[in-house]
Amino acid sequence: MSANRIALVTGANRGMGKQVAKELAADGATVFVGSRDRDRGQRAAAEIGDGATALQLDVTRPASIASAAERIRADAGRLDLLVNNAAIATTRTDFGGMAELIAVSKASRAPLEEVRAVWEVNAFGALAVYQAMLPLLRDSADARIVNVTSALGSLTTMADTATAYHSAFEPVYAASKTALNAVTLSMMTELEATHIKVNLVSPGFANTALVNFEGTESVEDAAREVLRIARLGPDGPTGTFTCWDGVDLPW
3 MSANRIALVT GANRGMGKQV AKELAADGAT VFVGSRDRDR GQRAAAEIGD
53 GATALQLDVT RPASIASAAE RIRADAGRLD LLVNNAAIAT TRTDFGGMAE
103 LIAVSKASRA PLEEVRAVWE VNAFGALAVY QAMLPLLRDS ADARIVNVTS
153 ALGSLTTMAD TATAYHSAFE PVYAASKTAL NAVTLSMMTE LEATHIKVNL
203 VSPGFANTAL VNFEGTESVE DAAREVLRIA RLGPDGPTGT FTCWDGVDLP
253 W
């Protein structure tokens, strides 16, 4: 990846988003550290160091997204890399662990307001950011979009009764990632005749707050495929759905 890249990572104040932002900055890129909370974003950018700039960005609020796009336009004039990483698993703060969360997220029990809130971030948020940042990406000679999903969103995988997490598929988080996959496919088809590349990535099961710190991989290991794809040059592929390292996933 060239050292003068301009990148935006959403949900980058902690966890895997912060790790991606940190490694891109270490590559020499100028990285906008997207964060819903301004103070947390500033702390994360300070910890990352050179190349990182805090950017207040709430992917559920149009005014915040528009302001972020204006800031990038004013500061950098273009965007070369968009990593749609922002995601939530729940709005609840009182659950005892992932097993409990899955149990209360079954189709027969999931509160519709919870479904809407999670989809608002995970699917609609990515689409809203895409729409706002597309003019900046068009101004790049080598633009790429990386949407961070989950293998849980693969309908082919989750419909297989032999899949380990088959029974864990639910309409809140898992189905929101299926929706993100569909949104990503629409981006791919819209841009397939342009220079803008679009890729979908399922990272590892990172040990972060998103999964109540029950993940099995470090953020460094989990972020590997996101970074591999993000670092691809203009000759790199587009329209892929992969996990580490470069393994194709079914839609």
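For the numbering used here, add 2 to where a residue sits in the sequence shown, where the first one is 1. Heads up, the beta-carbon is just placed ideally off N, CA and C, and yes, glycines get one too. Nothing here was measured: the structure is a model prediction, and the numbers come from that model.
Might you give, ordered along the chain, the residues of its own chain that have their beta carbon closer than 7 Å to the beta carbon of residue i, omitting 5 neighbours on each side?
i                 : result
proline 236       : Asp144
phenylalanine 171 : Leu154, Met160
alanine 181       : Trp121, Ala125
alanine 23        : Val11, Ala14, Val33, Val35, Ile50, Ala54
Of the choices the options, whose alpha-carbon is the least far from that of residue i?
i              : options                        : result
methionine 135 : Asp39, Ala14, Leu59, Arg45     : Leu59
glycine 17     : Val221, Leu234, Asp250, Thr242 : Val221
serine 142     : Ala177, Arg80, Asp41, Thr180   : Arg80
arginine 38    : Gly51, Arg111, Thr240, Val131  : Val131
proline 252    : Ser69, Arg111, Gly155          : Gly155
aspartate 77   : Phe34, Arg63, Lys108, Asp96    : Phe34
valine 174     : Ala119, Glu72, Arg73           : Ala119
aspartate 250  : Thr158, Val85, Gln133, Asp52   : Thr158
arginine 230   : Leu103, Ala112, Ile147         : Ile147
isoleucine 90  : Pro113, Val61, Arg75           : Val61
leucine 138    : Ala71, Ala101, Thr92, Val11    : Ala71
arginine 40    : Gln21, Arg233, Ser66, Arg111   : Ser66
threonine 112  : His197, Ala177, Thr196         : First, the amino acid is wrong: residue 112 is alanine here, not threonine. Ranking His197, Ala177, Thr196 by Cα distance to alanine 112 puts Ala177 first.
arginine 75    : Gly248, Arg140, Leu187, Ile104 : Arg140
leucine 57     : Ser69, Gln133, Pro64           : Ser69
proline 64     : Ala28, Gly127, Thr191          : Gly127
So what does residue i bridge to, in DSSP terms?
i              : result
proline 199    : This sequence places lysine at residue 199; proline is not what is there. According to DSSP, which records beta bridges pairwise, lysine 199 is partnered with Arg146.
isoleucine 104 : Answer by DSSP bridge pairing: none, since isoleucine 104 is not bridged.
glycine 36     : Leu57
isoleucine 231 : For isoleucine 231, which the question treats as bridged, DSSP gives no partner whatsoever.
isoleucine 50  : Answer is none; isoleucine 50 lacks a bridge partner.
isoleucine 90  : Answer by DSSP bridge pairing: none, since isoleucine 90 is not bridged.
leucine 251    : Leucine 251 is not bridged to any residue.
Short of 6 Å in beta carbon distance, which residues of its chain neighbour residue i, apart from the five on each side in sequence? Order them along the chain.
i             : result
arginine 226  : Trp246
alanine 9     : Leu26, Ala31, Val33, Leu83
threonine 242 : Asn201
asparagine 15 : Ser37, Arg42, Gly43, Ala46
serine 255    : In the structure as shown, the chain starts at 3 and stops at 253, and residue 255 therefore has no counterpart that could be examined.
glycine 13    : Gly19, Asn87, Ala88
serine 107    : Glu172, Val174
leucine 114   : none
threonine 186 : Asn149, Leu202
Short of 8 Å in beta carbon distance, which residues of its chain neighbour residue i, apart from the five on each side in sequence? Order them along the chain.
i             : result
proline 239   : Lys199, Asn201
glutamate 102 : none
glutamate 116 : Thr92, Thr93, Arg94, Ser107, Val174
aspartate 52  : Ala27
aspartate 162 : His168
For residue i, verify whether its CB is less than 7 Å away from any heavy atom of the ligand ADP.
i          : result
serine 220 : The ligand ADP is not part of the structure shown, which contains no ligands of any sort.
Enumerated in chain order, which unbroken segments of the alpha helix (DSSP H) with a length of 4 residues or greater are wholly contained in the segment 103 to 181? Complete alpha helix (DSSP H) runs here, min 4: 114 to 121, 127 to 140, 157 to 161.
4 or more residues per run - each alpha helix (DSSP H) lying fully within the segment 59 to 86: Fully contained in the segment 59 to 86 are the following alpha helix (DSSP H) runs of length 4 or more, in chain order: 64 to 77.
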